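Numbering (the numbering used here), first residue to last: 846 to 1257.
Glycine included, C-beta positions come from ideal geometry on N, C-alpha and C.
These numbers come from a predicted model, not from an experiment.
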């Protein structure tokens, strides 16, 4: 087993049987953040306030997965200690608020990051630096063979139970949809992350109108969140409407001015989605930019909700860790298109699999998210004149999924 991710845990027990609040020595990355909290007066105050500001009402005594809500930073660190060698569970939807299937750290921090103090704490650069180190340790475990214990149908929380597979595939046979081998243990996946980033079998999600460069396709399997036109160079993205501020969304990239007055299409991926990104257009990769950022920040305009991260997608896109891929489209009216992969919460790793200068066809893979739910934006120039398909608006109104590689809109 990988020592750096396992040190200090209850040895000899499978992860599913480790206690949620172990009392042994904390992992070094947790010792580091504990020391920072206790030595920085502002953070010490903020972490105390964050937990005290959670309402003392029955609803908030449990996190969205039904586990007892942590009430102090000490308890939070010991809960994370356990999570570092646990894989996300599919769980029992009957006990999940709003039928969420969240990543465990997200669930634990859901109520704390809804508080005024929590919104400040999770924007703090020092806190985000520490959480990146924590998430990197967890990612090491999730990329190891030990993480596969939950890829089973022998545990009601497993990802291969009939109810879980129905959610993952919408009723289609899992092995006909995804590249795997059901005859092998864990369907042949090498780790939980290997399962999370699973690939479709060839032809499972065909590209809409592959020879027609006027048709833009969906880069991900995702639920539409917002379509916004005439976006401004700078805007107050933290207010209730969460308008897009292009200079902040694109991190003041040299190509930002191309998109002033343009259109942003945003959609969110759940933890059960397909997590690879595909090119929405044919063209050439002209730049790729990785932007470090926040992990658990939520919009200050929201109240207490079990879906704070999902409802903060517009806001988070300006602050979160993200990968921006600029594509010069073959279609002249489209010109340059920006794809922004937004790593929400534990989806701390946005991996591009293309390089600058590479030519791509519509539907070719661009990269992938690792470890958790996420979001993306497509940013179009004003001159593109893109018209979105009616089914996209219907999906936006009905909160229905738009499949990867399906038609999003038309450019004339």
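* Asked: Going by other Cβ atoms of all chains shown within 10 Å of its Cβ, with 16 needed for buried, is residue 1169 buried or exposed?
  -> By the 16-neighbour rule on beta-carbons within 10 angstroms, residue 1169 is buried.
* For residue 876, I'd like the list of residues in its chain whose CB is within less than 7 Å of its CB, leaving aside the five on either flank, ordered along the chain. => Setting aside the 5 residues that flank it on each side, residue 876 has no residue in the same chain whose C-beta is closer than 7 Å to its C-beta.
* Going by beta carbon distance, what residues of the same chain come within less than 7 Å of residue 881, once the five residues before and after it are set aside? -> The residues are 888, 971 and 975.
* Asked: With which residues is residue 1065 paired in a DSSP beta bridge?
  -> DSSP output for residue 1065 lists no bridge partner at all.
* Asked: What are the boundary residues of the beta strand (DSSP E) that includes residue 1235?
  -> It is not in any beta strand (DSSP E) - residue 1235 instead sits in the alpha helix (DSSP H) that spans 1235-1243.
* Asked: Counting only runs that start and end within the stretch 1169-1222, where is the alpha helix (DSSP H) found for 4 or more residues in a row?
  -> Fully enclosed alpha helix (DSSP H) runs of 4 or longer: not present.
* **For residue 891, three-class secondary structure by DSSP** => Note: residue 891 maps to helix in three-state DSSP.
* **Completely contained beta strand (DSSP E) runs for the stretch 1065-1141, where each covers 3 or more residues** => If you keep only unbroken beta strand (DSSP E) runs of at least 3 residues inside the stretch 1065-1141, you get 1068-1073, 1108-1114, 1121-1123 and 1128-1136.
* Using the C-alpha atoms, what's the distance from residue 1112 back to residue 1235? -> Looking at the two C-alpha atoms, the distance is approximately 16 Å.
* **Nearest candidate by alpha-carbon position, reference residue 1209, set 918, 878, 1064 and 1027** => Looking at the Cα atoms, 1064 is the closest of the given residues.
* To do: Let me know the secondary structure DSSP gives residue 944 once reduced to three states.
  => Bear in mind that a pLDDT of 47 at residue 944, under 50, signals an unreliable position, so the model cannot answer this.
* **Distance, residue 1129 Cα to residue 910 Cα** => Near 43 Å, if we compare the C-alpha coordinates of residue 1129 and residue 910.
* **Backbone CA spacing between residue 944 and residue 936 [nearest angstrom]** => Legend: pLDDT at residue 944 = 47, less than 50; position of this residue unreliable, value from coordinates given subsequently. In a straight line, the C-alpha of residue 944 is about 10 Å away from that of residue 936.
* Asked: If residue 895 sits next to residue 957, beta carbons under 8 Å apart, how far is it from one beta carbon to the other, in whole angstroms?
  -> Going by Cβ atoms, the distance from residue 895 to residue 957 rounds to 5 Å, so yes, they are a contact pair.
* How long is the line joining the alpha carbons of residue 879 and residue 1083, rounded to whole angstroms? -> Their backbone Cα atoms lie some 29 Å apart in a straight line.
* Proximity to residue 1142 [Cα-Cα], best of 1162, 1132 and 1136 -> The candidate whose alpha carbon is nearest that of residue 1142 is 1162.
* Reference residue 885; option with closest CA among 1081, 1106 and 969 -> Between residue 885 and the set 1081, 1106 and 969, the nearest pair of CA atoms involves 969.
* **Contact between the stretch 1121-1140 and the stretch 1202-1216 (3+ Cβ pairs under 8 Å)** => These segments touch.
* **Cβ-based burial, residue 1146 [other Cβ within 10 Å; buried from 16]** => Label assigned to residue 1146: exposed.
* Among all the DSSP beta bridges, which residues are the ones paired with residue 1022? -> Residue 1022 is not bridged to any residue.
* To do: In angstroms with no decimal places, state the Cα-to-Cα distance between residue 1071 and residue 1028.
  => Their backbone Cα atoms lie some 42 Å apart in a straight line.
* To do: For the beta strand (DSSP E) containing residue 1035, list its first residue and its last residue.
  => Judged by DSSP secondary structure, residue 1035 falls outside any beta strand (DSSP E); it is assigned neither H nor E.
* To do: Would you mind giving the Cβ-Cβ distance between residue 966 and residue 891, rounded to the nearest angstrom? I have them listed as a contact below 8 Å.
  => Indeed they touch by this definition, with Cβ atoms about 5 Å apart.
* To do: Inspect the beta-carbon positions of residue 1249 and residue 1050 and report whether they are closer than 8 Å.
  => Going by C-beta atoms, residue 1249 is nearer than 8 Å to residue 1050.
* Asked: Exposed or buried, what is residue 1239 when buried is set at 16 or more other beta-carbons lying within 10 Å of its beta-carbon?
  -> It is exposed - the Cβ of residue 1239 has fewer than 16 other Cβ atoms within 10 Å.
* Residues near residue 1109 by beta carbon distance below 6 Å, same chain, minus five either side -> For residue 1109, the CB contacts under 6 Å within the same chain, skipping 5 residues up- and downstream, are 1073, 1076, 1089, 1222 and 1224 in chain order.
* Mind checking residue 1078: buried by the 16 CB within 10 Å criterion, or exposed? -> Flag for residue 1078 reads exposed.
* Collapsed DSSP secondary structure at residue 1014 in the structure displayed -> Helix, per DSSP.
* Asked: At which residues does the alpha helix (DSSP H) containing residue 1155 begin and terminate?
  -> If you look at residue 1155, you'll find it in the alpha helix (DSSP H) that goes 1153-1156.
* To do: Tell me, please, which residues DSSP counts as bridged to residue 1254.
  => In the DSSP output, where bridge partners are listed per residue, residue 1254 has 1061 and 1233.
* Asked: DSSP beta-bridge partners for residue 1265?
  -> This structure leaves residue 1265 out entirely; the chain is present only between 846 and 1257.
* Does the Cβ of residue 1197 have 16 or more other Cβ atoms within 10 Å, making it buried, or fewer, making it exposed? -> Around the CB of residue 1197, 16 or more other CB atoms lie within 10 Å, so the residue is classed as buried.
* Can we count residue 1087 as close to the ligand ADP, meaning its CB is less than 7 Å from some heavy atom? -> Within the structure as shown, the ligand ADP is missing, as the structure has no ligands at all.
* Asked: Going by Cα to Cα distance, which pick from 1233, 1194, 998 and 897 is closest to residue 1139?
  -> For residue 1139, the closest of 1233, 1194, 998 and 897 by C-alpha to C-alpha distance is 1194.
* What does residue 993 pair with, by DSSP beta-bridge criteria? -> None; residue 993 has no bridge partner.
* To do: Determine, using beta carbons only, whether residue 926 and residue 893 come nearer to each other than 8 Å.
  => No; because the gap between Cβ atoms is not below 8 Å, this pair is not in contact.
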